[in-house]
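Heads up: take any position in the sequence shown, counting from 1, add 51, and you land on the numbering used here.
By construction, the Cβ of each residue, glycine as well, lies at the ideal position given by its N, Cα and C atoms.
What follows is a set of notes on a single structure, which appears directly below.
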Amino acid sequence: MFDPRLDALAEVLIGFSTNLQKGERFLIDAHDVPPEIVIALIRSGRSKGAFPFVNLQSNAITRELLRGAEEDQYRTQCNFELARMTVMDAYVALRGSHNATEFSDVEPGRMQLAMKLLQPVLDQRVNKTKWVVLRWPTPAMAQMAGTSTEAFEDFYFKVCTLDYSRMESGMKALKALMENTDQVQIKGPGTDLTFSIKGIPSIACGGQHNIPDGEVFSCPVRDSVEGHVQFNAPSIYQGTAFDSVRLAFSKGKVIEASANNTDRLNAILDSDEGARYIGEFALGFNPYIQEPMRDILFDEKIAGSFHFTPGQAYERADNGNRSQVHWDLVCIQRPEYGGGEIYFDHQLVRKDGLFVTKELQTLNPEYLARTS
């Protein structure tokens, strides 16, 4: 039996996120997801007069390819993937996984080689197409979230089909405030950070690129970050699980880094020069996402959180930092996670995860959940 929630989700992705128009070409990049959602996307795109293309992938097969990654192999792969992406107007990626740590035994050097050589494909997709990326609910994700499979599916479709237009006024106000801010200070348990975002654009994210969504991001001036930060949300990066990541900065650069796997953490930060500098700063406020589940597309939107990102900066909010790494690390500042404050030019903007100024209070969970 076809689940009508699939049509609703497809309409969000096709009609809202990518806003497909007649004659546009779009690539559906499906990783370990059921055919029914791919079919729903094809049908939704065709209803707009767009032309669908499909790429089916398996994480188990990708793992095996990565374990023997060679330069000639991935240069060739980059060439044909880039040729395909260049003729696409839009990109929709659905990423399912039966094992969130599928790539944990891929040798780091081979993983870094593949990421480096495929970077032009990512740059083309991010900067030259309309794109949206989302996870697909699996029992593995439900387990990470600490729920039953059925309960997680209900949560997933609720959060992914949220009426993101209700965030618009608050996001516009936060975007304007950030674009008029020079100095940012963040305080909390194990955290005392200062940096500048002066002259760097801020981008409101309300369902156009990630589903689920709910953040506004900018980027620190590259050499302005000083102090230290303790992240309290667990993370998975390049197939490895990390907990209690702590970073210390001087003149923008990570000079100390520790975690439950300190050696692997530092190996990632040593991938290239830009990996020890920050490429993104963002505030998250999705009302339905409250707890971390080691899935960054969800965790970076947690209500009352911020994320701070070693590595590549986005061209839309650019400080010039370039890296093959882009690792969103999340700190939750709600009281049950220890609280904390964020100041813009010495004025308190958010305390214990709640925005305090009137024009931003529409981004607080009580308002968004009530009006959604």
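- Hey, A354 and G335 are a contact pair by Cβ (cut 8 Å); roughly how many whole angstroms apart? Your numbering for residue 354 matches position 303 in the sequence shown. Your numbering for residue 335 matches position 284 in the sequence shown. That belief holds up - the Cβ atoms of A354 and G335 are roughly 7 Å apart, short of 8 Å.
- Item | Same chain, Cβ closer than 7 Å to I306, five either side skipped, listed in chain order | Within the sequence shown, the letter at position 255 stands for residue 306. For I306, where only same-chain residues beyond five positions count, the Cβ hits under 7 Å are A299, F300.
- Item | Secondary structure of Q124, DSSP reduced to three states | Residue 124 sits at position 73 when you count from the first residue of the sequence shown. Residue state for Q124 is assigned as helix, using DSSP reduced to three classes.
- Item | Helix, strand or coil at C382 according to DSSP, with G and I counted as helix | Within the sequence shown, residue 382 is the residue found at index 331, counting from 1. When secondary structure is reduced to three states using DSSP, C382 falls in the strand class.
- Task: Kindly give me the distance between the Cβ atoms of I110 and D80, rounded to whole angstroms, as I take these residues to be in contact under 8 Å.
- Result: Taking the first residue of the sequence shown as position 1, residue 110 is located at position 59. Taking the first residue of the sequence shown as position 1, residue 80 is located at position 29. In the sequence on display, residue 110 carries Asn and not Ile. That belief does not hold up - the Cβ atoms of N110 and D80 are roughly 13 Å apart, past 8 Å.
- Ignoring anything shorter than 3 residues or poking outside the stretch 282-354, list the beta strand (DSSP E) runs there in chain order. List check, beta strand (DSSP E) in window: 286-288, 291-293, 297-301, 304-309, 329-335.
- Return the residue from the list Q259, V296, R327 that minimises the CA-CA distance to S275. Here residue 275 corresponds to residue number 224 of the sequence shown, with the count starting at 1. Residue R327 is the option with its Cα nearest to S275.
- Task: Count the other CB atoms, across all protein chains shown, that sit within 10 Å of the CB of K352; report buried if there are 16 or more and exposed otherwise.
- Result: As a working mapping, residue 352 is identified with position 301 in the sequence shown. Buried: at least 16 other Cβ atoms inside 10 Å.
- Please name the residue, chosen from F206, A61, S286, G265, that lies closest to F215 on a Cα-to-Cα basis. Mapped onto the sequence shown, residue 215 falls at position 164. Checking the sequence shown, residue 215 turns out to be Tyr, not Phe. Residue G265 is the option with its Cα nearest to Y215.
- Leaving out the 5 sequence neighbours to the left and right, which residues in its chain are closer than 8 Å to R126 when beta-carbon positions are compared? The sequence position of residue 126 within the sequence shown is 75, counting from 1. For R126, where only same-chain residues beyond five positions count, the Cβ hits under 8 Å are L168.
- Residues bridged to H279 by DSSP? Within the sequence shown, numbered from 1, the residue matching residue 279 stands at position 228. Looking at the DSSP assignment, H279 forms a beta bridge with D243, A299.
- Under the three-state DSSP convention, the category F206 falls into: Here residue 206 is taken as the residue at index 155 of the sequence shown, counted from 1. F206 sits in a helix when the DSSP states are folded into three classes.
- For K226, which three-state DSSP category applies? Position 175 of the sequence shown holds residue 226. In this structure, K226 counts as helix in the three-state DSSP scheme.
- Would you give the residue range spanned by the alpha helix (DSSP H) that D396 belongs to? Your numbering for residue 396 matches position 345 in the sequence shown. Annotation: D396 is outside any alpha helix (DSSP H) and is labelled neither H nor E by DSSP.
- Message: Can you tell me where the alpha helix (DSSP H) holding R373 begins and where it ends?
- Response: By 1-based counting over the sequence shown, the position of residue 373 is 322. Neither: R373 is in no alpha helix (DSSP H) and is coded neither H nor E.
- Message: Please state whether the Cβ-Cβ distance between Q384 and F357 is less than 9 Å.
- Response: On the sequence shown, residue 384 is found 333 positions in, with the first residue counted as 1. On the sequence shown, residue 357 is found 306 positions in, with the first residue counted as 1. Result yes, Cβ atoms of Q384 and F357 sit closer than 9 Å.
- Task: Rank A59, D54, F53, V63 by C-alpha distance to the C-alpha of H36 and give the top, closest one.
- Result: Coverage of the chain is limited to positions 52 through 423, which leaves residue 36 absent and any answer about it impossible.
- May I ask you to report which of helix, strand or coil DSSP gives L78? Translated into the one-based positions of the sequence shown, residue 78 becomes position 27. Annotated three-state conformation of L78 is strand, per DSSP.
- Query: In whole angstroms, what separates the C-alpha of N337 from that of F395?
  - Reply: Counting from 1 along the sequence shown, the entry for residue 337 is found at position 286. Counting from 1 along the sequence shown, the entry for residue 395 is found at position 344. Roughly 21 Å separates the two Cα atoms.
- T173 to G278 span [Cα, whole Å]: Reading the sequence shown from its first residue, position 122 is the one you call residue 173. Reading the sequence shown from its first residue, position 227 is the one you call residue 278. Residue identity differs from the one stated: residue 173 is Leu in this sequence, not Thr. Rounded to the nearest angstrom, the gap between the Cα atoms of L173 and G278 is 31 Å.
- Cβ-Cβ separation, K402 to E392 (assumed contact under 8 Å), whole Å: Within the sequence shown, residue 392 is the residue found at index 341, counting from 1. Within the sequence shown, residue 402 is the residue found at index 351, counting from 1. Yes, they are in contact, since the Cβ atoms of E392 and K402 sit about 5 Å apart, within 8 Å.
- Close beta carbons around E132, own chain, < 6 Å, minus the five adjacent residues each side: Along the sequence shown, one-based indexing puts residue 132 at 81. If the five residues before and after E132 are omitted, its C-beta is found closer than 6 Å to the C-beta atoms of V172, all from its own chain and listed in chain order.
- Query: Does DSSP classify G362 as helix, strand or coil?
  - Reply: As a working mapping, residue 362 is identified with position 311 in the sequence shown. Three-state result, G362: strand.
- Task: Output the distance between the C-alpha atoms of I112 and V296, rounded to the nearest integer angstrom.
- Result: By 1-based counting over the sequence shown, the position of residue 112 is 61. By 1-based counting over the sequence shown, the position of residue 296 is 245. If you take the alpha carbons of I112 and V296, they lie about 30 Å apart.
- With a threshold of 16 other CB atoms inside 10 Å of the CB of S377, please say whether the residue is buried or exposed. Counting from one through the sequence shown, the residue named residue 377 turns up at place 326. The question names Ser, but residue 377 in the sequence shown is His. Here H377 is buried: its Cβ has 16 or more other Cβ atoms, across all protein chains shown, within 10 Å.
- Message: Are the CB atoms of P240 and N283 within a distance shorter than 9 Å?
- Response: Working through the sequence shown from its first residue, we reach residue 283 at position 232. Working through the sequence shown from its first residue, we reach residue 240 at position 189. Yes, the pair counts as a contact, with Cβ atoms nearer than the cut-off.
- Just mark E87 as buried or exposed, buried being the case when its beta carbon has 16 or more other beta carbons within 10 Å. By 1-based counting over the sequence shown, the position of residue 87 is 36. So E87 ends up on the exposed side.
- Query: If you pair each beta-carbon of the stretch 61-76 with each one of the stretch 89-109, do three or more pairs fall below 8 Å?
  - Reply: Contact holds: three or more Cβ-Cβ distances are below 8 Å.
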